[in-house]
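K.L.:
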Amino acid sequence: MDMSEREYWAFVSEGPEAFVGQATLARVESFLIGYDAHARRHGGPGLDGWRDWLVAKRGRECNHAWMGLVRHLALPDERWHHWQLSPEQEERVITTLFALLDEFLSEREEEPHTL
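Just so we're on the same page, the numbering used here is the position in the sequence shown counted from 1, plus 644.
1. Is residue 745 near the ligand ADP, in the sense that its beta carbon is under 8 Å from a heavy atom of that ligand?
2. Mind checking whether residue 744 and residue 717 have CB atoms under 9 Å apart?
3. Check whether the region 678 to 685 touches the region 729 to 738, taking contact to mean three or more Cβ pairs, one atom from each stretch, closer than 8 Å.
4. Specify, as a first and last residue, the run of the alpha helix (DSSP H) that residue 680 falls within.
5. Go through the region 694 to 740 residue by residue and report every complete run of the alpha helix (DSSP H) that reaches 4 residues or more, in order.
6. Inspect the beta-carbon positions of residue 689 and residue 650 and report whether they are closer than 9 Å.
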């Protein structure tokens, strides 16, 4: 079965524990990092443009990697101490991560391909 990246990540989002065991935020992020590295190594786009897209989505830059930007977007009015999140915050960040990833991949699918 051949899937687009967007279809693949929609499938993963339905049951991330099948891919990472206990679906913690750290494990989901690590899985996404590994997917990106594998895709780039084999000539795919991976997450090319993901961080810049998140910065544009948020509307301002910060010094965080994409993981921190997702936290900012998922928890815009909440204070969080570095990477220590409550279970409820972590669940919200995971849900937001998959929603943002879907939106990013949707926009990328719509871009015209250049040679």
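Think of the CB as a built atom: it goes at the ideal place given N, C-alpha and C, for glycine as much as any other residue. Quick caveat, the model's predicted, so the values are computed rather than measured.
P.N.:
So, from the listed chains and residues:
1. This structure lacks the ligand ADP; in fact it carries no ligand of any kind.
2. In the sequence shown, residue 744 corresponds to position 100, counting from 1. In the sequence shown, residue 717 corresponds to position 73, counting from 1. Yes, the pair counts as a contact, with Cβ atoms nearer than the cut-off.
3. Result no; under three Cβ-Cβ pairs closer than 8 Å.
4. Along the sequence shown, read from residue 1 onward, the residue named residue 680 stands at position 36. Run containing residue 680: 669 to 685, per the alpha helix (DSSP H) assignment.
5. 694 to 702, 710 to 718
6. Here residue 689 is taken as the residue at index 45 of the sequence shown, counted from 1. Here residue 650 is taken as the residue at index 6 of the sequence shown, counted from 1. Their beta carbons are not under 9 Å apart, which means residue 689 does not touch residue 650 by this criterion.
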